[in-house]
Every structure is written in C-alpha cells, then in structure tokens.
Amino acid sequence: MSTLLDVNNLTVTIDETTLLSSVSFHINEGDYLCIVGANGAGKSTLLKVLLGIIKPTSGDIAIHQQAVSRLNQKQLAQHISYVPQAHDQQFNFTVIDFIKMSRYAYHTALSDWANDDQEAFELAIAITNTESFLQRQMQTLSGGERQRIMIAAALCQQASLLLLDEPTSFLDPHYQAEVHQLICQLNQQHELSIIEVSHDLNHAVQHSSSILALKHGEKMWFGASSAFLDTEQVHTLYDQQFVFTKHPQTGAKIALVSESL
Amino acid sequence: MISNRPVTLFLIALVTLIIVIASPFFGSSHTVSAEIHHQILTEIRLPRMLFAFIVGAGLALCGMVFQAMFRNPLATPFTLGVASGASLGAALTVFLGFSFTFLGVDGTTFAAFIGALISISFVYYLSRFRSNFSTETLLLTGVAISFFFSSLILFIQYLSNITDSFRILRWLMGSLTIVGYHDILQLLPFVIICIAVVLWLSRELNLLVAGDDLALSRGVNVQGTRLLLFFVTSLCVGAVVALCGPIGFVGMMVPHICRLLIGNDHRWLIPATLLFGGGFLILCDTIARLIIAPAEIPVGVITTLLGGPFFIWLLIKSKI
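For the protein sequence lines, the chains are A and B, in the order given. FYI, the numbering for the first sequence is 18 to 278, going by our numbering. FYI, the numbering for the second sequence is 26 to 345, going by our numbering.
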C-alpha cells in the first residue's frame with residue numbers, strides 16, 4: 018500500500034490562537050480515517066487545511082508525494098473532493114446542474130462537456146443511485162437526499178481522497194444509516210480513500226480503518242480503529258465518562274455515555 | 026419553465042427586440058416635417074435607446090454578480106453603497122471643476138470609478154475578515170455607507186454655487202439624457218470589459234453561489250475570482266454612474282426576475298440578464314419620456330419607484 022496523504026508537523030495559528038499544533042499523520046490508499054474529538058478540537062480546521070481553504074502556518078502536506086503547497090486550487094481539487102455538513106444551504110440549482118458543476122477542475126472557461134465528464138457523471142449517479150432526483154431542484158430535497166447528491170457531486174470530481182465533514186449530523190437515524198452505508202461502499206467497493214470528521218464514536222470504530230483523535234488542536238491518539246476503544250483515552254478525549262458494552266447483534270464493543278455524574 | 030432554457034432565453038430576446046424596435050417611435054412628434062422627424066429618430070432617440078440598453082445591461086449584470094457573490098438577492102452595487110461611492114467621486118469632480126481626459130476617458134468617470142472601488146473594498150474587507158458576518162449586517166453596512174456618502178454629497182452641494190448644485194442634483198436623479206454617440210463610446214468599453222470577464226467566469230460564479238468552501242473544494246480560486254469580479258463591476262458601475270447618475274434597483278430587479286425565469290446557471294443567466302436589463306431600462310426610459318410629455322422625468326425616478334416596492338417584496342419573501 019502506498020502512502021496517499023502525508024501530513025507532517027502541521028500547525029495553524031490564526032489571530033494568535035493556535036488551532037492545530039504539530040499534527041502529523043498519514044493515510045494509505047484505500048484507508049478510511051475518522052477524525053474524532055470534542056467541539057473546537059481542530060477537526061474542521063484540519064479538514065479546511067487539507068482542502069486549501071485555510072493556509073497552514075507551518076508544516077507540510079503531501080498528496081501522492083506531491084507537496085500540496087505547490088498545487089493550485091484546481092490541481093488540488095483533482096486529488097481531494099469534499100462533502101460539507103448537511104445543514105440547510107439555499108441554492109436554486111437543479112440536481113443535474115449541481116452535480117455537473119463539480120467537473121470544474123477539469124475545465125477551462127471555453128472547454129465543452131466531454132466524454133470523460135459524462136462517464137464520471139454517470140458513474141457517480143449509478144453508485145449513489147440518484148438517477149430519479151436529477152431533474153429536481155436542490156432546495157426541494159430532504160436532508161438525506163441532499164447528502165446523497167453532495168456525495169454524488171464529490172464522486173463526479175473523481176478525486177482519490179474524499180473528505181466528509183460530519184456528513185450525518187442533522188440527519189434522522191434512517192438517513193444516517195443510509196449515508197454511512199454509502200460511504201463504506203465507496204471505500205470498500207470503489208477503493209476510494211476517505212477522511213471523515215465524526216462525532217459518532219461507535220460509527221467511527223465500526224466502520225473506519227483508522228482513527229485520529231484531536232484534543233485542543235493536538236494529536237492525542239492515532240492508530241487502528243479496532244484499538245481505539247480499548248484505551249482509556251476516550252474519557253480524556255471528551256472529558257466525559259463512558260461505559261462499554263457489546264452490540265447485541267455484532268458483538269462489537271460500543272461506547273455509551275455514562276449516566277453517573 | 027427552467028427545464029427549457031433555450032426557449033426562455035429566446036422569448037426574453039424576442040421581448041427585448043420588440044421593445045428596441047418600438048420604443049423610438051413613441052414620443053411627441055406632432056407638427057414636425059418628415060425630415061425633422063427622421064432627424065429626431067436617428068440623432069436623438071436612437072443613440073439614447075442604445076445608451077439605455079448598454080446602461081441597463083451593465084447595471085443588471087453588476088447586480089447579478091453581487092447577488093451571486095453575496096448569495097443574497099438584496100445585495101447589489103446600490104444597496105451595498107458602491108453606487109453612492111461612485112456618486113461622491115463624480116460629484117467631487119463637478120464641485121472641484123476638474124475636467125481632464127485621459128486615454129479618452131474623462132475625469133468624472135475616473136473619480137466615480139475610484140469612489141466605487143473604495144466602497145467596494147470596504148464591503149469586501151468587511152465580508153472577508155468577519156467570515157461569520159451575516160448578509161443582513163452586510164446590507165446594513167451598505168446602508169450606512171450610502172448614508173455617509175450621501176451626506177458628503179449634500180455637503181458638497183451646499184458648498185457649491187447654484188448652477189453646480191443643480192447639476193449635481195439633476196444628475197443624482199439618474200438620467201439618460203445624452204448629447205450623442207460620443208457618450209455611448211465613453212461607456213461601451215467599460216461595459217464590454219465587464220461583460221467579457223463575467224462571461225469568462227460564469228462557471229466560477231455558479232460555484233460561488235454554492236458557497237465559498239464548496240467552490241474552493243471544487244477547484245475555484247475564490248479570492249482571485251472575487252477580486253477580479255469586484256474590480257470589473259467597479260469599473261462598470263463607476264462608468265455608468267459618471268455618465269447617468271445612480272439609476273437604482275435595475276441591478277436588483279432584473280437579475281432576480283431572470284433567475285426565476287431561467288434558473289441559476291450563469292451560462293444562461295448572463296445573456297438573459299444582459300438582454301432583459303437593456304430592454305427593461307429602455308422601457309423605463311420610454312415611460313419617463315412619455316408620462317408627462319412633452320417634459321420628461323429622470324429615468325432613475327421610475328426605476329426607484331418600481332424598485333422600492335420590489336425590495337420590500339423580496340424582504341418579506343426571504344423569511345427574515
């Protein structure tokens with residue numbers, strides 16, 4: 018397995034506040050990394066740095082052995098795609114237009130829709146099973162449907178790494194399960210590498226291959242997901258007591274918030 | 026409606042064409058010989074109509090760009106104080122009696138452009154440095170900027186002699202009264218540059234509407250795109266304001282109606298906005314010429330009369 022993303026000593030300081038300090042980790046091709054941590058731990062900041070939204074104060078990021086700082090935004094978009102949080106954003110596009118827009122990184126102002134574009138588009142629709150939504154307006158979709166379109170659009174971008182920022186918050190349990198399932202399918206069947214920010218510890222442990230835990234902008238723990246709940250660190254991570262039990266169906270270890278104060 | 030964009034665009038073009046063809050023939054033309062009538066048509070009404078079309082198209086386009094960049098139909102060069110910045114620049118040149126031309130562009134245009142650029146930079150830095158700045162706050166800032174510049178204009182008027190003061194007042198009402206084809210040539214390059222850049226950036230505009238983070242993740246150089254768009258819209262608004270004064274609300278009404286008609290894809294929205302904006306202003310100008318004929322009222326009065334209620338309608342509709 019070759020290294021896909023290598024993050025080295027990443028530090029972000031904005032207005033003298035350190036949001037991330039000396040964070041290092043790497044993922045291989047085909048990995049599924051979950052980033053966990055309390056609110057304000059720097060999870061979203063890390064994602065934004067990877068996307069080129071925030072420039073790092075110091076440290077290096079390399080994707081496919083290329084320094085990200087030397088890529089322009091379009092080149093970066095060919096490597097990394099993004100699914101934002103599922104909160105309500107108003108934009109009056111038809112679904113088909115919205116998905117097609119994500120081919121931007123492969124176009125200039127004058128280029129036409131090409132065969133490659135059409136293939137990427139059709140594949141993204143097929144994987145996410147969103148054929149029936151295409152003619153609808155984005156703002157008429159429910160949260161879960163919209164998230165599937167967001168994932169379809171990100172897929173259409175044909176990047177090797179997909180970043181998701183709490184893709185299932187604000188969704189009901191049914192859609193949460195559906196979106197989780199879709200993400201796993203992308204990772205396992207379509208060999209897409211994934212980095213997901215999640216507040217759902219049990220989902221992270223069960224579905225991802227590795228976990229990066231951030232606390233106060235620092236790396237607290239990084240390793241295989243299966244080992245994560247075995248540590249006492251979950252308590253420290255959230256400053257919260259947890260109890261552990263086994264999932265009645267799968268027998269996997271799950272963490273529940275402790276009732277005792 | 027949205028699913029058939031070519032037809033919608035064709036209909037908009039058709040309506041515009043009808044307005045363009047019909048409008049020169051409206052107006053008081055009694056008791057004049059055929060020769061004079063012909064002269065009125067070719068030397069007064071035709072250039073004025075062309076002028077109205079270019080101004081309308083330019084203003085509508087700048088409004089469309091602002092609405093897209095701030096993701097709010099109420100955000101336009103006028104509501105955000107850019108036009109009043111330009112007005113202040115232009116009023117200053119009248120007051121100080123500047124009259125120079127540089128590369129065929131007169132001093133008023135330069136001053137208006139600089140005024141527009143100053144207020145646009147202010148709005149830009151506010152929106153950038155406070156990322157959680159709500160659009161409502163931004164609009165209120167625009168209102169504050171407008172008031173501030175307006176009072177400076179009043180101050181200049183107060184200090185001016187009666188002739189200059191009247192010139193400024195008359196010009197502030199927004200008017201398409203022009204001398205001839207020369208004024209069109211003054212304006213045309215700015216509007217064409219603006220149209221060319223905006224057309225070039227239509228894909229980027231689409232993604233900006235979806236949000237800055239998403240646009241960046243799709244590969245858009247958001248900051249560069251914004252700066253370029255702010256610059257060319259300043260050019261365009263500055264040039265228009267210098268020549269015809271602040272003609273309000275065209276940039277709010279036209280693009281918003283076009284969005285409803287043809288959807289949010291800027292590759293279709295831009296031509297629709299240009300055509301509709303041009304046609305709309307010709308129509309307003311024709312009304313302005315006819316309503317108390319043989320006298321005429323400034324076209325800015327008509328657009329603002331229409332625009333005020335439209336603004337309130339938008340405000341009520343957008344759930345605030």
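We put the CB at the ideal spot given by N, CA and C, even for glycine.
Residue range of the unbroken alpha helix (DSSP H) whose run includes residue i
i         : result
Ile142(A) : 132-145
Thr258(B) : 247-269
Leu224(B) : 206-225
Leu330(B) : 324-342
His197(A) : 190-205
Phe305(B) : 291-315
Leu93(A)  : 90-96
Leu27(A)  : Per DSSP, Leu27(A) belongs to no alpha helix (DSSP H); it is in the beta strand (DSSP E), 20-31.
Met74(B)  : 71-95
Glu60(B)  : 59-64
Tyr255(A) : 250-255
Leu99(B)  : Taken as a continuous stretch (DSSP letters only), Leu99(B) belongs to no alpha helix (DSSP H), as it is neither H nor E.
Residue i to residue j span [Cα, whole Å]
i         : j         : result
Ala313(B) : Ile116(A) : 45 Å
Ile142(A) : Ser98(A)  : 16 Å
Gly205(B) : Met74(B)  : 11 Å
Leu67(A)  : Ile80(A)  : 10 Å
Ile345(B) : Glu229(B) : Annotation note: pLDDT 43 at Ile345(B) (below 50); position unreliable, coordinate value reported separately. Cα to Cα, the separation comes out at about 28 Å.
Ala137(B) : Val100(A) : 42 Å
Gly114(B) : Gly325(B) : 19 Å
Ser149(A) : Leu209(A) : 24 Å
Ser222(A) : Ala176(A) : Inspection of the sequence shows that residue 222(A) is occupied by Val rather than by Ser. Using only the alpha carbons, I get a separation of about 25 Å.
His207(A) : Asn45(A)  : 15 Å
Asp77(A)  : Gly69(A)  : 12 Å
Arg292(B) : Ser227(B) : 6 Å
Glu162(A) : Ala94(A)  : 24 Å
Leu224(B) : Leu231(A) : 44 Å
Ala100(B) : Gly88(B)  : 8 Å
Ala2(A)   : Ile79(B)  : Coverage of chain A is limited to positions 18 through 278, which leaves residue 2(A) absent and any answer about it impossible.
Pro214(B) : Ile272(B) : 19 Å
Leu21(A)  : His224(A) : 19 Å
Arg192(B) : Leu315(B) : 23 Å
Asn186(B) : Thr329(B) : 28 Å
Thr262(A) : Ala194(A) : 20 Å
Leu86(B)  : Asp114(A) : 22 Å
Thr166(B) : Gly110(B) : 13 Å
Ala267(B) : Leu340(B) : 29 Å
Ile61(B)  : Glu68(B)  : 10 Å
Where residue i falls, given that 16 or more other Cβ within 10 Å makes a residue buried
i         : result
Pro190(A) : exposed
Ala279(A) : Nothing can be reported for residue 279(A), as the shown portion of chain A is limited to 18 through 278.
Asn26(A)  : exposed
Glu183(A) : buried
Asn289(B) : buried
Arg195(B) : exposed
Lys65(A)  : buried
Ala264(B) : buried
Ala59(B)  : exposed
Tyr255(A) : buried
Ala47(B)  : exposed
Thr253(A) : exposed
8 Å contact criterion, which residue i and residue j should meet: CB distance rounded
i         : j         : result
Pro98(B)  : His281(B) : 5 Å
Gly59(A)  : Ala103(A) : Gly59(A) to Ala103(A), Cβ: 21 Å. No contact.
Leu181(A) : Glu139(A) : Actually they are not in contact, since the Cβ atoms of Leu181(A) and Glu139(A) sit about 22 Å apart, beyond 8 Å.
Phe108(A) : Met155(A) : 6 Å
Gln164(A) : Val196(A) : 5 Å
Ala141(B) : Val107(B) : 5 Å
Tyr121(A) : Val245(B) : 7 Å
Ser175(B) : Pro323(B) : In fact, because the Cβ distance is near 17 Å, the residues do not count as touching under 8 Å.
Leu294(B) : Cys283(B) : 6 Å
Lys236(A) : Leu229(A) : 7 Å
Pro209(B) : Phe76(B)  : Reading off the sequence shown, one finds Ile at residue 209(B), where the question assumed Pro. The Cβ separation is near 5 Å, so the contact holds.
Host beta strand (DSSP E) of residue i (start-end)
i         : result
Lys232(A) : 227-232
Lys65(A)  : Note, Lys65(A): premise wrong, no beta strand (DSSP E); alpha helix (DSSP H) at 60-68.
His43(A)  : 34-45
Ala272(A) : 270-274
Val214(A) : 210-214
In the segment 249-271 of chain B, which residues sit with their C-beta less than 8 Å from some C-beta in chain A, listed in chain order?
none
Tell me which residues of the segment 82-94 of chain A have at least one Cβ-Cβ distance to chain B shorter than 9 Å, keeping chain order.
Asn89, Gln90, Lys91, Gln92, Leu93, Ala94
Please list, in chain order, the residues of the segment 104-138 of chain A that have any C-beta partner in chain B closer than 8 Å.
Gln106, Gln107, Phe108, Asn109, Phe110, Thr111, Asp114, Phe115, Met118, Ser119, Tyr121, Ala122, His124, Ala126
Taking a cut of 8 Å between CB atoms, which residues from the segment 285-307 of chain B lie near chain A?
Gly288, Asn289, Asp290
Please list, in chain order, the residues of the segment 58-76 of chain A that have any C-beta partner in chain B closer than 9 Å.
Lys65, Leu68, Gly69, Ile70
Interface positions of the segment 84-112 of chain B facing chain A (Cβ-Cβ less than 7 Å), listed along the chain:
none
Can you pull out the residues from the segment 231-249 of chain B whose beta carbon lies closer than 7 Å to at least one beta carbon of chain A?
Asn231, Leu232, Val234, Ala235, Gly236, Asp238, Leu239, Leu241, Ser242, Arg243, Gly244, Val245, Asn246
Relative to chain A, which residues along the segment 208-234 of chain B have a C-beta separation below 9 Å, given in chain order?
Leu224, Trp225, Leu226, Ser227, Arg228, Glu229, Asn231, Leu232, Val234
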